[in-house]
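**Q** No gaps in the numbering here: position 141 of the sequence shown is 177 in this note's numbering, and each next residue is one more.
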Amino acid sequence: MYSSNIIILALRVAQFTLAFVVLGLSSFVANWYNAEVKSASPPQIGWLLFVSIFTIISVGVLEGLPRFAPRFFHPYAALSLEFGNTLFYFAGFISLSAYMSWLPFCRGSVCGAARADVAFAVFQFLLWAASSSLAGRELFRKGMGFGRAKSADTQAPLGAPPMKETADP
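Right, here's the structure in full:
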C-alpha cells in the first residue's frame with residue numbers, strides 16, 4: 037500500500053496540471069467568442085476560468101503553507117478549500133454541459149475545445165473529490181488534536197501555564 041503522502045502529492049500534481057489544461061481550453065473558447073462572435077463568452081466558460089485559477093492558488097496554499105508557514109495552516113481550512121474546489125468543478129462541468137446541450141449546432145475546433153473542457157472539469161472534480169475524502173478521513177481519524185499526540189501529562193494548550201490547584205475547605 038502506498039503512503040497517503042505519495043497519493044496526495046500525485047493528486048496535487050494532477051490537479052495542478054489539469055488546472056492549466058482547463059485554463060487553456062476555457063481561454064480558447066472565451067477568445068473565440070470575443071473574436072469571432074463579437075459577444076461575451078458564456079458565463080460557464082468564465083466560471084471555469086475562475087475555478088482553474090482558484091485551483092492553481094489552492095494547490096499552492098495546500099502544499100506551501102504546511103511546509104513553509106505551518107503556523108498559519110489549519111486542517112479545517114484546508115479541508116474547506118478542498119471541498120470548495122470539488123463543488124466549484126462540479127458546478128462548472130454541470131453548467132457547461134447543460135449549456136452545450138441546448139446549442140442548436142456545435143462544430144469546429146471551438147466545440148471540441150468546449151467538450152474537452154467539460155471532460156477535464158469532470159476529471160478535476162473526481163481528483164478534488166478523492167483528495168477531499170482522503171483529507172477528511174485523515175483529519176477525522178486524528179481527531180480534534182490536529183495530529184498532535186495526546187497524553188495524560190499534556191499541559192494547558194498553547195503553552196499556557198498550568199492552573200493552580202486549590203485545596204478543598
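Don't be surprised by glycine CBs; every beta carbon is placed ideally from N, CA and C.
What you are looking at is a predicted structure, and each value in this text was computed from that prediction instead of being measured.
Using three-state DSSP, classify Arg-107 as helix, strand or coil.
**A** Looking at Arg-107 - three-state DSSP - the assignment turns out to be helix.
**Q** Going by the CB atoms, is the gap between Val-65 and Gly-149 shorter than 8 Å?
**A** In the sequence on display, residue 149 carries Ala and not Gly. The answer is yes: Cβ separation under 8 Å.
**Q** Taking the alpha carbon of Phe-14 as the point to measure from, which residue in Ser-168, Leu-59, Ile-130, Phe-141 has its own alpha carbon closest?
**A** The structure shown has nothing for residue 14, since the chain only spans 37 to 205.
**Q** Could you give the residue range of the alpha helix (DSSP H) that holds Phe-141?
**A** From DSSP, Phe-141 is part of no alpha helix (DSSP H); its letter is neither H nor E.
**Q** Threshold first: 4 residues or longer. Then list the alpha helix (DSSP H) segments lying entirely within the region 40 to 110, N to C.
**A** Runs found: 40 to 68, 79 to 104.
**Q** Hey, Leu-123 and Ser-94: beta-carbon distance below 8 Å or not?
**A** Cβ distance not < 8 Å, so Leu-123 and Ser-94 don't count as in contact.
**Q** If we count the other Cβ atoms within 10 Å of its Cβ and call it buried at 16 or more, is Val-87 buried or exposed?
**A** Buried: at least 16 other Cβ atoms inside 10 Å.
**Q** Please confirm whether Ala-55 and Ile-81 have their CB atoms less than 8 Å apart.
**A** In this structure, Ile-81 does not lie closer than 8 Å to Ala-55 by Cβ.
**Q** With a threshold of 8 Å between beta carbons, is Ala-152 in contact with chain C?
**A** Chain labels in this structure do not include chain C; a single protein chain is all it has.
**Q** Any idea if Trp-164 is buried or exposed, counting beta-carbon neighbours within 10 angstroms, 16 or more meaning buried?
**A** Buried.
**Q** Inspect the beta-carbon positions of Leu-170 and Ser-40 and report whether they are closer than 8 Å.
**A** Yes, they are a contact pair.
**Q** Does the Cβ of Ser-145 have 16 or more other Cβ atoms within 10 Å, making it buried, or fewer, making it exposed?
**A** Label assigned to Ser-145: exposed.
**Q** In or out: Tyr-112 buried (at least 16 other Cβ within 10 Å) or exposed?
**A** Classification for Tyr-112: exposed.
**Q** Using beta-carbon positions only, say whether Leu-47 and Ala-157 come within less than 8 Å of one another.
**A** No. Outside cutoff.
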